[in-house]
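Chemist: Here's a structure for you.
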Amino acid sequence: MSAIEWGYSVLPARTMDLDRNDLGPVREMLEEMPQFGACIACGGCTATCTAGNLTSFNFRRVHTLVRRGEYTGAWAEMNKCMLCGKCRLVCPRGINTRGVVRLIKRKLGDY
Amino acid sequence: MVQTFYSGFVIPFIVGTSVLFAVIIYKYVRWMVRLPRRDKLKVWHGLFSVATLKGIWECFTECLLHRRIWRVNPLLGYMHTAFALGWFLLIVVGWVETIAYLGLRFVPLQGHIFFDYFTQDMDHGPRWGINFEVVMDVLLLYVLSGLVLAVFKRFRSRAMGMKRTTKLTLGDRVAMTSLWFVFPMRLLAESFPSQLPLWWGYSIALGVFFVAMPFSRYMHIFTEVPLIFLRRWGITSEAGREKSFDHFQLEACSRCGICIDPCQLQRDAGMRNVQSAYFIRDRRYNRLTRYVADNCLLCGRCQVKCPVGLELDTLRLGSRHSLSGTPSNGRFNYACDVDRSRGEGRVGYFAGCMTLLSPKILRSMERIFTAAGEQVWWADRDGGVCCGRPLKLSGDIEAARDMMRINAELFRNHGITTLVTSCPICLRVFREDYNLDGIEVLHHSEYFVRLLSDGRLTLKPGGTEKMTYHDPCELGRGCGIYDAPREVLQTVGTLVEPAETRDEALCCGSSLANMAVENSSQVAIAQAVGRAFEATGAGEIVTACPLCKKAIARGTSLPVMDLAEVIEQHLA
Amino acid sequence: MKKIIVVGGGPAGMQAALSLVAEGLKPVIVERSGALGGKLRDWHNLFPSMTPAHEVLEGMTKQMENAGVEVMLHTEVEGLTDGGVLLMEGKKLEGEAVIVASGFDIFDARLKEEYGYHIYDNVFTTVDVERMLNKGEVALHDGSAPHGIAFVHCVGSRDEKVNQKHCSKVCCITGVKQAMEMRQLFPDAEIYNFYMDIRMFGPGYEELYQSAQQDFGVNFIRGRVSEASPTIDGRLQIKAEDTLVGRPLKMTVDMLVLIVGMKASSSNEKYALPLSSSGFLTPRDLFSGAVSSDLPNVFYAGTATAPKTIGESICEGSMAAEKVSEYLKSRK
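Those protein sequence lines, which keep their order, are chains E, U and Z. Sequential numbering from -19 applies to the first sequence in our numbering. Sequential numbering from 1337 applies to the second sequence in our numbering. Sequential numbering from 3 applies to the third sequence in our numbering.
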């Protein structure tokens, strides 16, 4: 067995503390783009993602982490996205996934 | 009075005119100075060339006659011509009239404009056999007839072939209201030349209009002229950056609103503030939001109709670049050595991301290649790097270039001489942005035409089944390919055209260029497109773009097929 | 005595007719196809008890014969008229009340092109599998036995991309049931179910799910399959994200089964009554008016209003009959 890849960041603590995480940016994003909250985490986007098949980039996972207030590295991860639009074609919720990528990049550039 | 050409009432007019020319000269000089060196050189080269003569002719046909607007709607055209040509002739004939009555001598501007006031004690009988009074009255009536239509249009735009007109800014309202007063006041003042208050009214209307003009949409009256020449001399806007030249385009927009009706986001998805007229307005007044910049399908339907011929899509891309471009920083280095290609041949086939999710097209392409005996190198059958156009359309042009380089290198490494793609999005970026010297880039429709004419492919003639064809935006308006797909389809069936077709064709609504549009709007547009095709009575809809195929299928119960699938069905 | 028109001769319509007879009324079933039973005729064993579908069907048809219910086969209803329904060729059928039990359509899996139905030979739907089970010939296109089988949940359900926003309710359990049936047929095969959510709402469903996991060795992977593509050796490669691990996953299988959802019947539009966003007829309310329409003499039963199990549809057939009876009494 090879070592397990944990996605993109080494978290100092394994527990996500929703009491302490700053959820302000998430609320702003949800307000700007309500469909940001419509994900049912089916993973279709990640399955079809070109970048996700070549790197550790996992759009669904980064999105879920951002929803929990875990922002570290999100901007850098989203920069791997080619905006090709395959994820949007497969998304069963019809989410503007490319819009989500750009929203995260715009809002979380400082993290 | 003739001696001084002065009366108190001319002050508003003189102030207005001075402000107008000061502002216009300031703007134009600033924009010209800031042109990049390359563009300045183009101006010098172009100045003494045929382009200038052509420009003069275009100024006449477009700035005065407004030919392109006539094509949209004759009534609308008449209105614009009445204003432009009528006013222009009033000025020109006015100058001639001055000379006719006063001889060749210096007459200040107000002397021409308020000629009837300053010469009210002169005999206004015919000179040189011309009854100037009648000529000027006829011209004024001509302008007034345009004015009546303009007022009418504000309240009943539909009668002028426009379902919607633009919403106005404050500057526009001031300018428009004063403009509406200019000609009726002139008529009154010239009818009763001794009534000073009427002359005051006329002068104030002119003065207010001139002051408001450079800050309103009426700036287009002058700006279209330099724009025409600069364009003729080869200066263009660029997708990758905002340029000084853009100002000429932005201010040459009259916000006539002709771009609003063709916009499917407006007519099918109810969006009222993102159309090109509003985008240009917002950018001009520095209040452009990302939402407006991003919310456009870049389908090009409005650009085709724009009477000023503005590069609406390019301007929007430039804004996107300024608003959201991120540096490339080697972001896509991970894709550098990706080579998942298969097979070998001088002909390469690039499916593109959208075709990879449309396996029917892939299978059809494979069968067609086999039938034609073509040795094919499959560039991305098992996945590959995106062509870069979607990223470019988002405004991230530098990063997109990285992806283009990666793919171009892949193509060269495999020594192909022809590159076929079934995706018009990829096709357009290959042709416009890739440097693929020595590799001929073909859309699959063009490739099929070639196979058929070379006799490498024979098709069974179809039955009587009627088909209709959807022009993908990137293929039609984007790459100018309208005939190749039709030529192929006509060999296998009967083709019927929808009401809006070729360069007026509808957009499927799911264009990758729109970074903001929501699912519900995409579906609403697809349904409208579906209805337009169902109205043709065709039994199937054929298109030549995998994304259009998927998008339209969401809005109709008719089968939607790619051109390749139709060909495959008819392989002999 | 005037007739009560029952549109559709599936489980809901048949039960409605039987209950009407029991109420002393005279039903007439108008059925589009050539036989009673609706889609029940195509099914093999019914979840969760694995009762053979033909047993349920034969039980009901026998009762129908005994009750002497009038049935009009090969007859299509074109719409409602005053005091009855409009049939083909402008004919009218008079009745005192109408029960719309016209059922659902099967989602056309070809619309999910990325899954390759009717493109690759070994992509099937759950409906195909039921037919194969009935024939006793479950096999790959070339007649051989599959070694790897993947079930894809939610094909044509919960999917904005095909205008099917709703959950079709019965597919989760159908997927579990067929996976277990596959295990019985192919003891050595690898069987995977790719799901977004497993919704085990009915009696005995959760137990079946657990049994599939621990007794039948069915693997469940939480992730939606994004696409299927052919491999060089003619098998199928599917892609998904294993969302519980958080990494993309691909695997090669011999057989891909698409668990197709319920689509609102295209005939629903004929009644000119309110439709939900997914195209199902909208009942007056979802509680005591669940089988009532906006018209006093028109009632609903079964999947015309929403995806339902066979049991629920039969239940609604009885309920609709009772409401018809109440309605007739209230008029007197």
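For glycine and all other residues, C-beta sits at the position ideal for the given N, C-alpha and C.
(1) Please classify lysine 265/Z: does DSSP put it in a helix, a strand, or coil?
(2) When DSSP builds the beta bridges, which residues end up paired with glutamine 239/Z?
(3) Can valine 8/Z and alanine 103/Z be called in contact, C-beta distance under 8 Å?
(4) Please state the DSSP three-state secondary structure of lysine 325/Z.
(5) Lysine 1390/U: buried (16+ other C-beta within 10 angstroms of its C-beta) or exposed?
(6) Compute the distance between the beta-carbons of leucine -2/E and glycine 49/E, then report whether it is under 8 Å.
(7) Within 10 angstroms of its Cβ, does asparagine 124/Z collect 16 or more other Cβ (buried), or is it exposed?
(8) Starting from tyrosine 302/Z and walking both ways along the beta strand (DSSP E), at which residues does that stretch end?
(9) Leaving aside the five residues before and after proline 1726/U along the sequence, list all residues of the same chain whose C-beta is less than 6 Å from its C-beta, in chain order.
(10) By DSSP, does serine -18/E sit in helix, in strand, or in coil?
(11) Cysteine 1281/U to phenylalanine 1615/U, Cα distance in whole Å?
(12) Checking 8 Å against the spacing of the C-beta atoms, do isoleucine 31/Z and lysine 265/Z come in under that value?
(13) Measure the Cβ-Cβ separation of proline 1834/U and glycine 1543/U and say whether it is below 8 Å.
(14) With DSSP run on the structure shown, which of helix, strand or coil describes tryptophan 1714/U?
(15) Give a yes or no on whether the minimum CB-CB distance between valine 1896/U and chain E is below 8 Å.
(16) Identify the contact partners of glutamate 162/Z in chain U, using a Cβ-Cβ distance below 7 Å as the criterion.
(17) Within 8 Å (strictly less), CB to CB, does arginine 86/E reach chain U?
(18) Only counting the same chain, and skipping five residues up and downstream in sequence, which positions put a Cβ closer than 6 Å to that of leucine 1653/U?
(19) By the three-class DSSP mapping on this structure, what secondary structure does glutamine 166/Z have?
(20) For a cutoff of 8 Å on Cβ pairs, would you count threonine 28/E as touching chain Z?
(21) So with Cβ pairs under 8 Å, would you call arginine 1703/U a contact of chain Z?
(22) What are the start and end residues of the beta strand (DSSP E) that includes alanine 152/Z?
(23) Kindly indicate the opening and closing residues of the alpha helix (DSSP H) around asparagine 1850/U.
(24) Report yes if the C-beta distance between histidine 1906/U and glycine 1798/U is below 8 Å; otherwise report no.
(25) With 7 Å as the C-beta to C-beta threshold (strictly closer), list the residues of the region 276 to 295 of chain Z near chain E in chain order.
(26) Identify, in the order they occur along the chain, each residue of the same chain with its Cβ nearer than 7 Å to the Cβ of leucine 1787/U, setting aside the five sequence neighbours on each side.
(27) What are the boundary residues of the alpha helix (DSSP H) that includes phenylalanine 37/E?
(28) Per the contact definition of three or more C-beta pairs closer than 8 Å, is the region 111 to 124 of chain Z in contact with the region 218 to 232 of chain Z?
(29) Going by C-alpha to C-alpha distance, which of Ser1660/U, Phe1419/U, Arg1748/U and Gly1791/U sits closest to glutamate 1398/U?
(30) In whole angstroms, what is the alpha-carbon distance linking methionine 1415/U and leucine 1485/U?
(31) Please confirm whether arginine 1608/U and asparagine 59/E have their CB atoms less than 8 Å apart.
(32) Using a Cβ-Cβ cutoff of less than 8 Å, which residues in the same chain neighbour asparagine 76/E once the five nearest sequence positions on both sides are dropped?
(33) Buried or exposed for serine -18/E, going by 16 or more other Cβ atoms inside 10 Å?
(34) To the nearest angstrom, how far is it from the Cα of threonine 1892/U to the Cα of leucine 113/Z?
(35) Going along chain Z, which residues have a C-beta under 9 Å from glutamine 1693/U?
(36) Determine, for isoleucine 108/Z, whether the minimum Cβ-Cβ distance to residues of chain U falls below 8 Å.
Modeler: Checking against the coordinates, here is how it stands:
(1) DSSP places lysine 265/Z in strand when its eight states are reduced to three.
(2) Ser231/Z and Thr254/Z
(3) yes
(4) helix
(5) exposed
(6) Yes, they are a contact pair.
(7) buried
(8) Unbroken beta strand (DSSP E) run through tyrosine 302/Z: 300 to 302.
(9) Leu1848
(10) A caution first: serine -18/E carries a pLDDT of 47, below 50, which makes its placement in the model unreliable, though a value can still be read off. In the structure shown, serine -18/E sits in coil (DSSP, three-state: anything other than H, G, I, E or B).
(11) No answer is possible for residue 1281/U: the residues shown for chain U start at 1337 and end at 1908.
(12) no
(13) no
(14) strand
(15) no
(16) Asn1855
(17) yes
(18) The residues are Ala1575.
(19) strand
(20) yes
(21) By this cut-off, arginine 1703/U is not an interface position.
(22) It spans 150 to 157 - the beta strand (DSSP E) in which alanine 152/Z sits, taken as one unbroken run.
(23) For asparagine 1850/U, there is no enclosing alpha helix (DSSP H), as DSSP marks it with neither H nor E.
(24) yes
(25) none
(26) Cβ contact annotation for leucine 1787/U (same chain, cutoff 7 Å, sequence separation greater than five): Ala1708 and Leu1793, in chain order.
(27) No alpha helix (DSSP H) holds phenylalanine 37/E; DSSP gives it neither H nor E.
(28) yes
(29) Nearest in C-alpha terms to glutamate 1398/U, of all of Ser1660/U, Phe1419/U, Arg1748/U and Gly1791/U, is Phe1419/U.
(30) Roughly 6 Å between the two C-alpha positions.
(31) no
(32) Met13, Gln15 and Arg68
(33) Here the model assigns serine -18/E a pLDDT of 47, short of 50, so the residue's position is not dependable, and the following value carries that caveat. Exposed, since its Cβ has fewer than 16 Cβ neighbours within 10 Å.
(34) 12 Å
(35) Just to set this straight, residue 1693/U is leucine in the shown sequence, not glutamine. Within 9 Å Cβ-Cβ: Glu115, Glu116, Ser228 and Glu229.
(36) no
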